[in-house]
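Residue numbers (our numbering): 1420 to 1521.
Virtual Cβ for every residue (Gly too), placed ideally from N, Cα, C.
Structure record follows, encoded as C-alpha coordinates.
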(Lines of atoms letter the chains of each structure in order from A and count residues from 1; the text may use other names and numbers.)
(Lines give C-alpha, C1' and ligand atoms only; values in the text may rest on other atoms or scores of the structure.)
Protein backbone atom coordinates (compact mmCIF):
# COMPACT_ATOMS: atom_id res chain seq x y z
CA UNK A 1 0.00 0.00 0.00
CA UNK A 2 1.34 3.43 -0.91
CA UNK A 3 2.20 5.86 1.86
CA UNK A 4 2.22 9.63 1.59
CA UNK A 5 5.74 10.98 1.04
CA UNK A 6 4.91 14.70 1.00
CA UNK A 7 2.95 17.48 -0.68
CA UNK A 8 3.69 20.59 -2.71
CA UNK A 9 1.23 23.44 -3.03
CA UNK A 10 1.83 25.92 -5.84
CA UNK A 11 0.03 29.14 -6.63
CA UNK A 12 0.32 31.45 -9.59
CA UNK A 13 -1.09 34.97 -9.47
CA UNK A 14 -0.58 37.38 -12.33
CA UNK A 15 -1.77 39.30 -15.34
CA UNK A 16 -2.46 37.30 -18.50
CA UNK A 17 -1.99 39.62 -21.44
CA UNK A 18 -1.76 36.82 -23.97
CA UNK A 19 -3.95 33.73 -24.05
CA UNK A 20 -3.11 30.91 -21.64
CA UNK A 21 -0.41 30.67 -18.98
CA UNK A 22 1.67 27.60 -18.19
CA UNK A 23 3.61 26.63 -15.09
CA UNK A 24 6.05 23.69 -15.27
CA UNK A 25 6.87 21.59 -12.19
CA UNK A 26 9.90 19.31 -12.38
CA UNK A 27 9.34 16.37 -9.99
CA UNK A 28 12.30 15.96 -7.64
CA UNK A 29 13.17 13.29 -6.73
CA UNK A 30 12.18 11.93 -10.12
CA UNK A 31 9.94 8.97 -10.75
CA UNK A 32 7.42 9.42 -7.95
CA UNK A 33 3.80 8.39 -7.91
CA UNK A 34 1.68 11.53 -7.66
CA UNK A 35 -1.90 12.71 -7.26
CA UNK A 36 -2.55 16.21 -8.59
CA UNK A 37 -5.51 18.47 -7.83
CA UNK A 38 -5.90 21.87 -9.49
CA UNK A 39 -7.90 24.67 -7.96
CA UNK A 40 -10.43 26.76 -9.78
CA UNK A 41 -9.00 29.93 -11.27
CA UNK A 42 -10.70 33.24 -10.56
CA UNK A 43 -10.63 35.99 -13.16
CA UNK A 44 -10.54 39.66 -12.22
CA UNK A 45 -13.22 42.29 -12.68
CA UNK A 46 -16.12 39.90 -12.22
CA UNK A 47 -15.24 37.93 -15.34
CA UNK A 48 -16.05 34.58 -13.74
CA UNK A 49 -14.02 31.39 -13.70
CA UNK A 50 -11.64 29.83 -16.22
CA UNK A 51 -10.19 26.37 -16.84
CA UNK A 52 -7.13 25.41 -14.84
CA UNK A 53 -5.51 22.03 -14.65
CA UNK A 54 -2.89 19.57 -15.81
CA UNK A 55 -2.05 20.27 -19.45
CA UNK A 56 0.92 17.91 -19.92
CA UNK A 57 2.50 15.13 -17.86
CA UNK A 58 5.47 12.82 -18.39
CA UNK A 59 5.11 9.46 -16.62
CA UNK A 60 6.76 6.11 -17.27
CA UNK A 61 8.70 7.88 -20.01
CA UNK A 62 5.47 8.68 -21.88
CA UNK A 63 4.28 12.19 -22.74
CA UNK A 64 0.53 12.91 -22.36
CA UNK A 65 -1.31 16.11 -23.27
CA UNK A 66 -4.85 17.04 -22.20
CA UNK A 67 -7.06 19.52 -24.02
CA UNK A 68 -8.88 20.86 -22.11
CA UNK A 69 -6.62 20.59 -19.04
CA UNK A 70 -7.81 18.01 -16.49
CA UNK A 71 -8.57 19.16 -12.90
CA UNK A 72 -7.11 16.05 -11.22
CA UNK A 73 -5.03 13.03 -12.17
CA UNK A 74 -2.95 10.24 -10.63
CA UNK A 75 0.10 8.74 -12.33
CA UNK A 76 3.16 6.62 -11.44
CA UNK A 77 6.82 7.41 -12.21
CA UNK A 78 6.19 11.09 -12.97
CA UNK A 79 9.11 13.32 -13.99
CA UNK A 80 7.37 16.50 -15.20
CA UNK A 81 3.99 18.24 -14.87
CA UNK A 82 2.80 21.29 -16.85
CA UNK A 83 -0.20 23.21 -15.51
CA UNK A 84 -2.27 25.56 -17.69
CA UNK A 85 -4.72 28.35 -17.01
CA UNK A 86 -6.87 29.38 -19.99
CA UNK A 87 -7.63 33.09 -20.04
CA UNK A 88 -6.43 36.39 -21.49
CA UNK A 89 -6.61 40.08 -20.66
CA UNK A 90 -7.26 39.63 -16.93
CA UNK A 91 -5.72 38.90 -13.54
CA UNK A 92 -5.93 35.26 -12.45
CA UNK A 93 -5.18 33.16 -9.40
CA UNK A 94 -4.48 29.46 -9.97
CA UNK A 95 -3.57 26.90 -7.31
CA UNK A 96 -2.36 23.32 -7.58
CA UNK A 97 -1.57 20.62 -5.01
CA UNK A 98 0.75 17.70 -5.73
CA UNK A 99 0.81 14.75 -3.32
CA UNK A 100 3.79 12.38 -3.56
CA UNK A 101 3.50 8.68 -2.72
CA UNK A 102 6.11 6.02 -1.90
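With DSSP collapsed to three states, give me the class of residue i.
i: residue 1470; result: coil
i: residue 1486; result: strand
i: residue 1451; result: strand
i: residue 1495; result: strand
i: residue 1501; result: strand
i: residue 1440; result: strand
i: residue 1426; result: strand
i: residue 1513; result: strand
i: residue 1457; result: strand
On a Cα-Cα basis, can you pick out the residue from the options that is closest to residue i?
i: residue 1496; options: 1486, 1434, 1442 and 1520; result: 1520
i: residue 1445; options: 1505, 1502, 1434 and 1498; result: 1498
i: residue 1493; options: 1432, 1434, 1435 and 1473; result: 1473
Just how far apart, CA to CA, sit residue i and residue j?
i: residue 1477; j: residue 1489; result: 14 Å
i: residue 1502; j: residue 1439; result: 10 Å
i: residue 1513; j: residue 1500; result: 15 Å
i: residue 1515; j: residue 1482; result: 20 Å
What does a CB cutoff of less than 6 Å around residue i pick up in its chain, not counting 5 residues either side in sequence?
i: residue 1479; result: 1496
i: residue 1425; result: 1519
i: residue 1517; result: 1427, 1453 and 1455
i: residue 1443; result: 1501
How should residue i be labelled, buried or exposed, when 16 other C-beta atoms within 10 angstroms of its C-beta is the threshold for buried?
i: residue 1507; result: exposed
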